[in-house]
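Note sheet for the following structure.
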Amino acid sequence: MRKLWLSIGLVAIMILVTACSSDQHVHKDDKTDENGKIKIIEYGDFKCPYCKKVETNVMPKLKKDYIDKDKVDYQFVNMAFLGDDSIIGSRAGHAIKHVAPDQYLTFQKLMFEQQPDSEKEWINKSLVDNQIDKLPINQDMKNKIKNEYTTPDSKSWKAAKKDQQQAKENHVETAPTVYVAGEKLEDPYKYKNYKKLLDK
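In mature numbering (1 follows the signal peptide of the UniProt record, and there is no 0), the protein residues as written are -19 to -1, 1 to 181.
This is the structure:
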């Protein structure tokens, strides 16, 4: 009987350890893209104040040193989990990736700049449209983006849903969660932690 309880205890510990560490190894085989560029995968939400810290403190340097020089493949997986309005921002982001991909990071920056110091719902069509209007693209492209993100079952709606599913399937429950070259960053708020893995 004692052996049985010992076995059950060991199995329970193994399950617990696996559950706690599963997100550590989610992208272990997802180090580079097809062109050999190192992947940076950030799970976040435009409403997340901690994600805003990454956007403010890390992204300008990361963009200047690596993204603008085409050295890395940066992906923002929008978990859209902090309120019903989060999904609006995610759909708009994906519409921009589809219509004017070079403008996505500008839009991401603009969205984080709009984030208020409260947990109220604030992402709506009017606010999103205002950010789209700030992008340095022609009016035809702006109209396409606006139409795309507000049309049910469009590519951007499906991509936004896919982001949510990816986070769920990979058991990513906190934002920001960042992977660089397949490794999860324990502290995503310091630029040196990214640089250490990128310059290996």
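Here a beta-carbon is modelled for each residue, glycine too, at the ideal position from N, C-alpha and C.
Taking 9 angstroms as the cut-off, decide whether the C-beta atoms of residue i and residue j are in contact.
i, j, result
"K18", "S67", "no"
"K12", "A162", "yes"
"S71", "A81", "no"
"V109", "M92", "yes"
"Q89", "P117", "no"
"H86", "D26", "Before going on, a small fix: residue 86 reads as Leu here, not His. Their beta carbons are not under 9 angstroms apart, which means L86 does not touch D26 by this criterion."
Grab me the residues of residue i's own chain with a C-beta within less than 8 angstroms of its C-beta, minus the 5 sequence neighbours each way, in chain order.
i, result
"W103", "K28, D66, Q95, Q96, P97"
"Y172", "N38, V39, K42, L43"
"E36", "Q89, K90, F93"
Taking just the CA atoms, how far does residue j sit from residue i?
i, j, result
"I21", "D134", "28 angstroms"
"I126", "S137", "9 angstroms"
"N119", "I113", "11 angstroms"
"L166", "N105", "32 angstroms"
"N124", "T131", "11 angstroms"
"V153", "N111", "31 angstroms"
"Q56", "T155", "17 angstroms"
"M145", "A73", "Sequence check: residue 145 is Gln here, not Met. Whole-angstrom Cα-Cα distance: 15 angstroms."
"K142", "E100", "22 angstroms"
"A76", "K181", "34 angstroms"
"N16", "K176", "20 angstroms"
"I69", "P30", "17 angstroms"
Tell me which residues share the same chain as residue i and place their Cβ nearer than 7 angstroms to its Cβ, disregarding the 5 neighbours each side in the sequence.
i, result
"K34", "Y170"
"Y47", "V53, L179"
"A148", "Y24, V58, M60"
"K9", "G163"
"H79", "E129, K136, S137"
"D14", "K20, D54"
In terms of residue numbering, what span does the alpha helix (DSSP H) encompassing residue i cover?
i, result
"K20", "Premise fails: K20 lies in the beta strand (DSSP E), 19 to 25, not in any alpha helix (DSSP H)."
"H75", "67 to 80"
"C29", "That residue, C29, is in no alpha helix (DSSP H); it is neither H nor E in DSSP."
"W138", "136 to 150"
The beta strand (DSSP E) spanning residue i covers which residue range?
i, result
"N59", "53 to 59"
Quickly, what does DSSP pair residue i with across the bridge? List them, please.
i, result
"Y160", "I22, K165"
"T87", "Answer is none; T87 lacks a bridge partner."
"T131", "Its beta-bridge partners do not exist; DSSP assigns none."
"T13", "I19"
Tell me which same chain residues have a C-beta within less than 6 angstroms of the C-beta of residue i, skipping the five on either side of it?
i, result
"D168", "N174"
"V159", "E23, L166, P169"
"V7", "N151"
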